[in-house]
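There are 2 protein chains.
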Amino acid sequence: MPLSDTERIGEPDSFQQPDRELVRVQDLTPEKADQLIWLRARVHTSRAKGKQCFLVLRQQQFNVQALVAVGDCASKQMVKFAANITKESIVDVEASVRKVEQKIESCSQQDVELHIERIFVISQAEPRLPLQLEDAVRPDGEGEEEGRATVNQDTKLDNRVIDLRTTTSQAIFRLQSGVCQLFRDTLTHKGFVEIQTPKIISAASEGGANVFTVSYFKTSAYLAQSPQLYKQMCICADFDKVFCVGPVFRAEDSNTHRHLTEFVGLDIEMAFNYHYHEVIDSITDTMVQIFKGLRDNFQTEIQTVNKQFPSEPFKFLEPTLRLEYTEGVAMLREAGVEMGDEDDLSTPNEKLLGRLVKEKYDTDFYVLDKYPLAVRPFYTMPDPNNAKYSNSYDMFMRGEEILSGAQRIHDAQLLTERATHHQIDLEKIKSYVDSFRFGAPPHGGGGIGLERVCMLYLGLHNVRQTSMFPRDPKRLTP
Amino acid sequence: MPLSDTERIGEPDSFQQPDRELVRVQDLTPEKADQLIWLRARVHTSRAKGKQCFLVLRQQQFNVQALVAVGDCASKQMVKFAANITKESIVDVEASVRKVEQKIESCSQQDVELHIERIFVISQAEPRLPLQLEDAVRPDGEGEEEGRATVNQDTKLDNRVIDLRTTTSQAIFRLQSGVCQLFRDTLTHKGFVEIQTPKIISAASEGGANVFTVSYFKTSAYLAQSPQLYKQMCICADFDKVFCVGPVFRAEDSNTHRHLTEFVGLDIEMAFNYHYHEVIDSITDTMVQIFKGLRDNFQTEIQTVNKQFPSEPFKFLEPTLRLEYTEGVAMLREAGVEMGDEDDLSTPNEKLLGRLVKEKYDTDFYVLDKYPLAVRPFYTMPDPNNAKYSNSYDMFMRGEEILSGAQRIHDAQLLTERATHHQIDLEKIKSYVDSFRFGAPPHGGGGIGLERVCMLYLGLHNVRQTSMFPRDPKRLTP
């Protein structure tokens, strides 16, 4: 079927299947010079100038300059048609690839441009965009200095479908996809089994605070705050080493840069042989494999994000630095902080300790081990050598917590005692406690917040930047 | 630290880290004959007989016979201690590996047995187990014939931590872990990006039926019935091809063998160039890669499940069989079914059609394409050539639906018309419709139910067998 150059295909119907290959923008290099190619892309920018129309055509983070000029292959009418195509519309073009004398600095494909012979609109964008992509990727300071617009975060999130098209967003979420893959591949390689745990649960296990309630037929249920109890049941059920990736829910009315009401948990649980440090070693090695994988395979994405949000490269040690809680407290006291031995770390103190550790050890990632028992959940194993402490740990990236974990109590009787001490309704945790009555190996684990890992690895400052469709007490859409 | 043979280690405290390697049961072969080894395992069975105690020690699906006998290496007291260890307790043993003359048919390790020299209880099981593992894996018929016990499904699910220890459960969930991995690896290889979509949403998109309500601070929210709207937004946001794995929620009061209120969705969405069959081809190829991966790498698991639940091997064709809806209807009519052209398929008719297709084409997997428009959701693209039909499809395994999908409408105006036709409140789907206003490529996709795929691949008959902690209208625990 011959297509005229002003015909609009891509109307809401099925397409005829033309006998043509579509080339990717990233493959438009001088090797393709003088070839006639087909391309589908968005109109990134458009500028008409007399008998010519310059377009920049974009696919994700790649773009190329294209030209429609009155002459052999285009009519005046066609130039006018091209000039009227709205930004962000999707077009099919037939064009010849031409080498350029001078590099086109503003495009990813700097050595070629396209001379368009035919152009069809596949999907037309409405003329008024709620935000401009070039504004959305402008570094904060730059906008003010040059009197140019930047886009505030709520506008970006309100129009997420457009904001996600920016080079920065594309890079962030491709890297996030990589984190999940590295996490799973590393653990699968270590012999872990992936499990799926329920999100609708019958009882709020940790006392009922910060839990969302769900209407469940004629009764009520809750959204799981973590898969921990289920991970542990899998250990009691002989799966030995398990992981899961899935949403976790926190009904906390916290409007901070690092809290979400729904986020993605990367969870690990494993039986160990003799010491819970076997668990710490498995988790830190997994984190190190993630950091290395990002460094080695996502450098383009990291550089792209850095252009808009500059930050220092993420540093880590091998093996991972492990400090005891008392050492951390000592470092803080030396820096002038007043705190008791069994006090929990405040967020500012965590940040400060991160800076002190970075100065002293030159690492952005470390483990703080042996937290005071009093500040940890009831199922945390006490330190057998010092009843004030526990076999529990947090892990930090750039001074912010990304994982909380512990050896868990695997004895039903001790678990009951500790739950009673924490004034937890034993009836509500019955099926949990009962899981340990028929033989349970010593085990431990932890849960990692995916959005925080991405935020902190990239040196970003708001977890909403690394959540595709963030949920917080004030945001439920889109 | 010397350990006496009756000392119980593994009490709720940290362990001393002895200088010893623990051997895996599956590695106990004649090559290890006469070696002294350490092993941690469960007591699967225990039988005392005079001055001897026979134990079967188990790790997941592997087990080995072990013997404590009064003589050089064990005292009378030690035999008595061993005989008193409850089934399902976890023990550490030091033992020498001995080749046996006659194969031990009842164990996975048939060529060796262990002569125990020391034994410690790591975790003691309570004496009365709520179910016996050997009863839980007994094929249904066999129990009745021989007057032996089988365990009904509710008892199994009520005591899931023990039921999951059976060879059948271990095999099912290891295979399920494999399905997820094969799904993701195949799609990653095809250039798909993994995304994370929110489960708490502000509006019930498809009219509000079958949706769970969540209390969300001072307002109400809902649990997502599918990630579809978010997948589509990602396509509009230039991610081109995306997938996600995560829970989906259906507040359907259906108490059938194949319905759950929470299950795991394997979701795919992709832009296509010219025809939505490009989408079907991507999905069917992904399914074929999963089937091949299971066949080639999970044969032991498949055989293990077959022992308890016999079924025919799963058959599939390459390329996948694709029938049009009208062809399916014609086959049914030929078999005596009376139905109109635009009627939806009932579950029994789906089953029957599966049998007819199997007879005619010898495949357990096929695609039914071009469903009547009237029976599909509002966002389904109508067939441009016949307004009665649509560019939509279901996929079936052994005659049961495992995927529903379609080309989606990517034009805001047509979408609005179709939503109005379906009497959907436009205000509630505003942000969804708005996603298509700024350029959207033609696209399609589908959602696969993980539990159904595992159930049907293995020829099982209840989806609760392939959900670790199933949720239905009557079950919320454990």
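Quick mapping for you: the protein sequence lines, in order, are chains A and B.
Using UniProt numbering, the first residue of the first sequence is number 1, and each one after it goes up by one.
Using UniProt numbering, the first residue of the second sequence is number 1, and each one after it goes up by one.
Idealized CB from N, CA, C, for every residue including glycine.
Scanning Leu317(B), Met455(B) and Ser108(B) for the CA closest to the CA of Thr363(B) turns up Leu317(B).
The beta-carbon of Pro372(B) is placed no less than 9 Å from the nearest beta-carbon of chain A.
Residues of the segment 124-155 of chain B with a Cβ closer than 9 Å to any Cβ of chain A, in chain order: Gln124, Ala125, Glu126, Leu129 and Pro130. Under the 8 Å Cβ criterion, the segment 395-406 of chain B counts as touching the segment 437-456 of chain B, having at least three qualifying pairs. Pairing Ile448(B) with Met395(B) gives a Cβ-Cβ distance under 9 Å. Contacts with chain A (Cβ-Cβ distance below 7 Å) from the segment 384-415 of chain B involve Pro384, Asn391, Ile409, His410, Asp411 and Leu414, listed in chain order. The three-state reading of DSSP puts Pro372(A) in strand, counting E and B together. Assignment of Lys51(A) by DSSP, reduced to helix, strand and coil, places it in the coil class. For Leu415(A), the secondary structure class from DSSP, reduced to helix, strand or coil, is helix.
In the three-state scheme derived from DSSP, where H, G and I count as helix and E and B as strand, Gly265(B) is classed as strand. Below the 8 Å Cβ cutoff, chain B contributes Phe438 and Gly439 as neighbours of Glu88(A), in chain order.
About 7 Å separates the beta carbon of Ala95(B) from that of Leu39(B), a gap short enough to meet the 8 Å contact definition. The three-state secondary structure of Ser169(A), taken from DSSP, is helix. Put simply, of Lys370(B), Gly444(B), His461(B) and Phe309(B) the residue whose alpha carbon is nearest the alpha carbon of Ala136(B) is Phe309(B). Counted as a single uninterrupted DSSP element, the alpha helix (DSSP H) harbouring Pro348(B) occupies residues Thr347 to Tyr361.
The contact set of Ile195(A) on chain B, defined by CB atoms closer than 9 Å, consists of Phe173, Gln176, Ser177 and Met468 in chain order.
Ile200(B) is a Cβ neighbour of Leu223(B), given a cutoff of 9 Å. Scanning chain B for C-beta atoms nearer than 8 Å to the C-beta of Ile162(A) yields Ala237 and Phe438, reported in chain order.
Excluding residues up to 5 positions away in sequence, Thr197, Cys244 and Asp267 lie with their Cβ nearer than 6 Å to the Cβ of Pro227(A) in the same chain. Taking each of Val79(A), Ile429(A), Val64(A) and Thr320(A) in turn and checking the Cα distance to Pro30(A), the smallest one comes out for Val64(A). The C-beta of Leu22(A) comes closer than 9 Å to at least one C-beta of chain B.
Asn386(B) is classed as exposed because its beta carbon has fewer than 16 other beta carbons within 10 Å across all chains shown. If you check the CB distance, Asp240(B) and Ala271(B) come in under 9 Å. In the three-state reduction of the DSSP assignment, Gln109(A) falls in the coil class. Rounded to the nearest angstrom, the gap between the Cα atoms of Gly328(A) and Met339(A) is 11 Å. Annotation: the continuous alpha helix (DSSP H) that includes Val453(B) extends over Leu450 to Tyr457. In the DSSP annotation of this structure, the continuous segment of the alpha helix (DSSP H) that includes Thr300(A) starts and ends at Gln299 to Gln308. Close to Ala221(B), with beta-carbon spacing below 7 Å, are these residues of chain A in chain order: Leu476. For Gln65(A), the uninterrupted beta strand (DSSP E) run begins and ends at Phe62 to Ala69, by DSSP. Within the same chain, Cβ atoms closer than 8 Å to the Cβ of Lys474(B) are found at Asn255, the five residues on either side in sequence being excluded. Using a Cβ-Cβ cut-off of 9 Å, Ala251(A) counts as an interface residue toward chain B, since at least one Cβ of chain B sits closer than that to its own.
If you check the CB distance, Glu312(B) and Gly141(B) do not come in under 9 Å. With fewer than 16 neighbouring CB atoms inside 10 Å of its own CB, Tyr361(A) falls in the exposed class. The closest CA to that of Leu260(B), considering only Lys87(B), Val43(B), Arg160(B) and Thr466(B), is found on Thr466(B). Under the DSSP assignment, Lys76(B) falls in the alpha helix (DSSP H) whose first and last residues are Lys76 to Ala83. Residue Gly354(B) holds the alpha-carbon nearest to the alpha-carbon of Ala335(B) among Arg58(B), Gly354(B) and Ser75(B).
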